[in-house]
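Written out below as structure tokens is the structure these notes cover.
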Amino acid sequence: MKSITLLIVALFYLNAGFAQETTIHKHRLNNQIIEKISVLKSNKGIRQGLYQAVTDKNIAVASGNFLNDKKTGVWHFYDRHGHLLQNYDYTNKALLFEAVEDTTSNLRYFVDKLLTDTDHTTKPVKAGGRYFGYLPYVNAFKLPANLMDISRIVSYAVVELLVSPGGRLADFKVHIFSGNYEKVFNMNTDMPNEEDKVFIPATLNGEPIGCRIMIKCNIDYDGGLELL
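Here it is in structure tokens:
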């Protein structure tokens, strides 16, 4: 009995040694979203513990956990109204749930192939869901100074992403439409975070296929883009 007690005590101190104090760091992701990130007190560059992204109305759009600065376990992703869009298991790299996308979605998908009624297709999927998962591409663009005076009432943007059959970001453009005017901006596909280059690819009859995703966005008064 004494040896078992000593073992329990030893394990307690061993686990306590691995436990590290954390603090909450807040960061504005864009004009609508605030990140609440648990980071180590000893190294604020290391994310450890709970992560939440919430709107200014305190509606969660993402929640999950970090372990040693890596996403771990099941994360939950929502739209800006708080409706669940996706559950993704980062430990096993597995999509657990993806909400049905209806005709009100601001995303459209195109393949360079004439489809028949007998073809079976699946769309590309982004870990992070159809709202939070696409924020990195939306946040990457800002209107240049010479276009800041365009009317926001008659203007909108379309973010175009080409996903390769291998599930990689192959092309990235932003189209600006204002009345009869259109301007196309070629964006850098070398995103700062590796995970923003990776998708679950579209399929055609069970085989991966390249697919373009078109995302309609509003243009805010600071020149940034807002997902609808």
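So the sequence shown is residues -21 to -1, 1 to 207, counted in mature numbering (1 follows the signal peptide of the UniProt record, and there is no 0).
Note that the Cβ used here is the ideal one computed from N, Cα and C, for glycine as well.
In the DSSP assignment, Ala32 is bridged to Glu14 and Ala41.
Of the candidates Trp54, Thr82, Leu206 and Arg59, Trp54 places its Cα closest to the Cα of Thr70. Rounded to the nearest whole angstrom, the C-alpha separation of Phe111 and Lys23 is 23 Å. Assignment of beta-bridge partners to Arg7 by DSSP yields Ile13. In this structure, the beta-carbon distance from Leu74 to Ile179 falls below 8 Å. Among the bridge pairs identified by DSSP, Ser157 is matched with Ser134 and Tyr160. If you check the CB distance, Lys176 and Met166 do not come in under 8 Å.
Residue state for Val177 is assigned as strand, using DSSP reduced to three classes. No Cβ-Cβ contact shorter than 8 Å links Arg191 with Phe45.
One Cα belongs to His4, the other to Thr101, and the distance between them is close to 38 Å.
Secondary structure at Asn167: coil, using DSSP grouped into helix, strand and coil. Residue state for Pro187 is assigned as strand, using DSSP reduced to three classes. Only residues of its own chain outside the window of five on either side were considered, and among them Leu63, Gln65 and Asn66 have a CB closer than 8 Å to the CB of Phe76, listed in chain order. In the structure shown, Ala106 adopts coil according to DSSP, grouped into three states. Boundaries of the alpha helix (DSSP H) around Tyr116: Leu114 to Asn118.
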